[in-house]
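Chemist: Starting off with a structure, shown below.
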Amino acid sequence: MTIQIAGKGNVLGLILCLLLALPAYGTAEPVNTPDTTKHNSVIEDLEKPLYTPFVERYVLDELKTLRTDLQGQRTEFVERFTSTELAASDRAINYATSTVNNIFYIIATAASILALVGWSSVREIRHKLNEVIEQKVTRISEDYEQRLQSLESSLKDRTNRIVAAQEDISRTNALHSLWMRAGLEATHQAKIDVYDQILLINPTDTEALTYKADEVLDIGEAQWALSLCNKALLIDAEYHYAFYQRACANSTLNQLDAALADLSNAIELSGTYLDEAKTDKSLENLRSSGKLDELLEFSVDS
286 MTIQIAGKGN VLGLILCLLL ALPAYGTAEP VNTPDTTKHN SVIEDLEKPL
336 YTPFVERYVL DELKTLRTDL QGQRTEFVER FTSTELAASD RAINYATSTV
386 NNIFYIIATA ASILALVGWS SVREIRHKLN EVIEQKVTRI SEDYEQRLQS
436 LESSLKDRTN RIVAAQEDIS RTNALHSLWM RAGLEATHQA KIDVYDQILL
486 INPTDTEALT YKADEVLDIG EAQWALSLCN KALLIDAEYH YAFYQRACAN
536 STLNQLDAAL ADLSNAIELS GTYLDEAKTD KSLENLRSSG KLDELLEFSV
586 DS
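In our numbering, the protein residues as written are 286 to 587.
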């Protein structure tokens, strides 16, 4: 059963990576070559989406199956542990009972033999035997108590790992559904609401912060977009798209020097922004100043 779950996990991981890569791939600006132009024209003529609800349903079914298998494994483990614990307790009780019985048999035999010696000697021997019995029973009880505590600790650790794995699967499933929903929303506000839900699940998601900044900038909230980009860059100082969106926000706020510096960083990290910067409406102020052309010429020469 473990091998089957591992195989499903590998297939599911591959499918999730491919589906999560589709939105990011769609945001990159392609290089204008004859082949890509031809491919773009073919893609624009498509009447159906590249993926269907069947694919999404398949992924959700696989996630549900994996979660069911993990739950079954957890139940089976708890049952096996309970059976083992009961068997260990039975063995401990039987061992203690047999030990006590044997000791009392020895005492009875010894008492019969020593009765000839005198009652005082018998009382002393009985007292010593009682002390020995108590010490041995105490040691046995402590030993089995330590073993039970060790088994309980091991069970708690494995249970916590199973619960953590289930929570991670649920979290990944929810994030995947929200990203797909964000790609289907038609209005800026609807997309912002979806990105807010993603950030509730993962507040450090730099991609969600930056895409939200893009939508916020489109509705004229440049200061808000600038704040979101700053937060994304605090989490990941090398995220090129956050630099680009902050350049757009600074350009809209007419902070041209800051916009030029951010755009330079974005182009240095990813050259795909060279062509996008030429037509992006958010960089209109930077283009009008002539500084954008100087930056683009310098980047091309470099």
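A virtual CB, placed ideally from N, CA and C, is assigned to each residue, including glycine. In this text the structure is predicted, and so the values were computed from the model without any measurement.
1) Which of the three DSSP states, helix, strand or coil, is assigned to serine 462?
2) Identify, in the order they occur along the chain, each residue of the same chain with its Cβ nearer than 7 Å to the Cβ of aspartate 490, setting aside the five sequence neighbours on each side.
3) Straight-line CA distance for threonine 350 to valine 344?
4) Go to alanine 534, then tell me how far its alpha helix (DSSP H) extends in each direction, as first and last residue.
5) Pick from Thr444, Ala543, Leu502: whose alpha carbon is nearest that of glutamine 358?
6) Determine, using beta carbons only, whether leucine 580 and leucine 545 come nearer to each other than 9 Å.
7) Count the CB pairs spanning the segment 492–502 and the segment 523–542 that are closer than 8 Å, and state whether there are at least three.
8) My understanding is that alanine 534 touches cysteine 514, with C-beta atoms under 8 Å, so please give their C-beta distance in whole angstroms.
9) Counting along the chain, where does the alpha helix (DSSP H) carrying isoleucine 483 start and finish?
10) Check each candidate in Glu364, Arg411, Phe339, Leu355 and name the one with the smallest Cα separation from valine 448.
11) Near alanine 459, what residues of its chain come up, given a Cβ to Cβ distance below 7 Å and the 5 sequence neighbours on each side ignored?
12) With a cut-off of 9 Å, does the C-beta of asparagine 539 fall near any C-beta of chain C?
13) Assuming leucine 414 and isoleucine 392 form a contact by the criterion Cβ under 8 Å, report the distance between their Cβ atoms to the nearest whole angstrom.
14) What three-state label does DSSP hand alanine 522 in the structure shown?
15) If you draw a straight line from the C-alpha of aspartate 578 to the C-alpha of threonine 557, how long is it?
16) Three-state secondary structure (DSSP) at methionine 286?
17) Could you pull out every residue in the same chain whose Cβ sits closer than 7 Å to the Cβ of glutamate 470, ignoring the five residues on either side in sequence?
18) Assign aspartate 565 to one of three DSSP states: helix, strand, or coil.
19) Suppose you measure from the CA of leucine 440 to the CA of arginine 456; what does that come to, to the nearest Å?
20) Buried or exposed for threonine 312, please, with buried defined as at least 16 other CB atoms from any protein chain shown within 10 angstroms of its CB.
21) Can you tell which of Lys576, Arg342, Pro488 has the C-alpha that lies nearest to the C-alpha of aspartate 521?
22) Alpha carbon to alpha carbon, how far is asparagine 570 from leucine 559?
23) Could you give the C-beta distance for leucine 541 and lysine 576, rounded to a whole number, given that I count them as a contact under 8 Å?
24) Tell me whether serine 555 sits in a helix, a strand or coil according to DSSP, three-state version.
25) Which residues in the same chain have their Cβ closer than 7 Å to the Cβ of glutamine 451, if we skip the five residues on either side of it in sequence?
26) Residues in the same chain with beta-carbon distance under 8 Å from valine 385, minus the five sequence neighbours each way, listed in chain order, please.
27) With a CB to CB cut of under 8 Å and the five nearest residues on each side skipped, what residues in its chain are close to alanine 309?
28) Can you give me the start and stop residues for the alpha helix (DSSP H) that threonine 491 sits inside?
Modeler: Working from what's here:
1) Translated into the one-based positions of the sequence shown, residue 462 becomes position 177. Secondary structure of serine 462 (DSSP, three-state): helix.
2) Along the sequence shown, one-based indexing puts residue 490 at 205. Cβ neighbours of aspartate 490 beyond the five flanking positions: Ile483, Leu484.
3) Taking the first residue of the sequence shown as 1, we reach residue 350 at position 65. Taking the first residue of the sequence shown as 1, we reach residue 344 at position 59. Straight-line Cα distance between these residues: approximately 10 Å.
4) Walking along the sequence shown from the start, residue 534 turns up at place 249. That run of the alpha helix (DSSP H) goes 525–537.
5) Translated into positions along the sequence shown, residue 358 becomes position 73. The shortest Cα separation from glutamine 358 among Thr444, Ala543, Leu502 belongs to Thr444.
6) Position 295 of the sequence shown, counted from the start, is the residue given in the question as residue 580. Position 260 of the sequence shown, counted from the start, is the residue given in the question as residue 545. Between leucine 580 and leucine 545, the gap from beta carbon to beta carbon is short of 9 Å.
7) Yes, since at least three Cβ pairs between the segment 492–502 and the segment 523–542 fall closer than 8 Å, the two stretches touch.
8) For the purposes of this step, residue 534 is taken as the residue at position 249 of the sequence shown. For the purposes of this step, residue 514 is taken as the residue at position 229 of the sequence shown. Correct: roughly 6 Å between the Cβ atoms.
9) Reading the sequence shown from its first residue, position 198 is the one you call residue 483. Counting along the chain, the unbroken alpha helix (DSSP H) around isoleucine 483 starts and ends at 473–486.
10) Position 163 of the sequence shown holds residue 448. Checked all of Glu364, Arg411, Phe339, Leu355; the closest Cα to valine 448 is Leu355.
11) Working through the sequence shown from its first residue, we reach residue 459 at position 174. Correct list, in chain order: Ile486.
12) Within the model displayed, chain C is absent; a lone protein chain is all it includes.
13) As a first step, residue 414 is located in the sequence shown; it is residue number 129 there, counting from the start. As a first step, residue 392 is located in the sequence shown; it is residue number 107 there, counting from the start. About 6 Å separates the two Cβ atoms, so the contact holds.
14) If you number the sequence shown from 1, residue 522 lands on position 237. Looking at alanine 522 - three-state DSSP - the assignment turns out to be coil, as it is neither helix nor strand.
15) What you label residue 578 is simply residue 293 of the sequence shown in a count that begins at 1. What you label residue 557 is simply residue 272 of the sequence shown in a count that begins at 1. C-alpha separation (whole angstroms): 16 Å.
16) Translated into the one-based positions of the sequence shown, residue 286 becomes position 1. In this predicted model, methionine 286 has a pLDDT of only 42, less than 50, meaning its place in the structure is not dependable enough to derive any value.
17) Along the sequence shown, one-based indexing puts residue 470 at 185. So the qualifying residues of the chain are Lys476, Val479.
18) Start at 1 with the first residue of the sequence shown, and residue 565 comes out as number 280. It is coil, neither helix nor strand.
19) The residue labelled residue 440 in the question sits at position 155 within the sequence shown. The residue labelled residue 456 in the question sits at position 171 within the sequence shown. Roughly 24 Å separates the two Cα atoms.
20) Against the sequence shown, residue 312 aligns to sequence position 27. Note that threonine 312 scores a pLDDT of 43, beneath 50, so its modelled location is shaky and nothing firm can be said.
21) The count along the sequence shown starts at 1 and reaches residue 521 at position 236. Checking every option, the nearest Cα to that of aspartate 521 belongs to Pro488.
22) By one-based count along the sequence shown, residue 570 stands at place 285. By one-based count along the sequence shown, residue 559 stands at place 274. Between the alpha carbons of asparagine 570 and leucine 559 lies a distance of about 17 Å.
23) By one-based count along the sequence shown, residue 541 stands at place 256. By one-based count along the sequence shown, residue 576 stands at place 291. About 6 Å separates the two Cβ atoms, so the contact holds.
24) Position 270 of the sequence shown holds residue 555. Three-state DSSP puts serine 555 in coil, outside helix and strand.
25) The residue labelled residue 451 in the question sits at position 166 within the sequence shown. If we look at glutamine 451 and ignore the five residues flanking it on each side, its Cβ neighbours are Arg352, Leu355.
26) Reading the sequence shown from its first residue, position 100 is the one you call residue 385. Ile418, Val422.
27) Here the question's residue 309 lines up with position 24 in the sequence shown. With a pLDDT of only 42 at alanine 309, under 50, the local geometry of the prediction cannot be trusted, and no value is derived from it.
28) As a first step, residue 491 is located in the sequence shown; it is residue number 206 there, counting from the start. For threonine 491, the uninterrupted alpha helix (DSSP H) segment begins and ends at 491–503.
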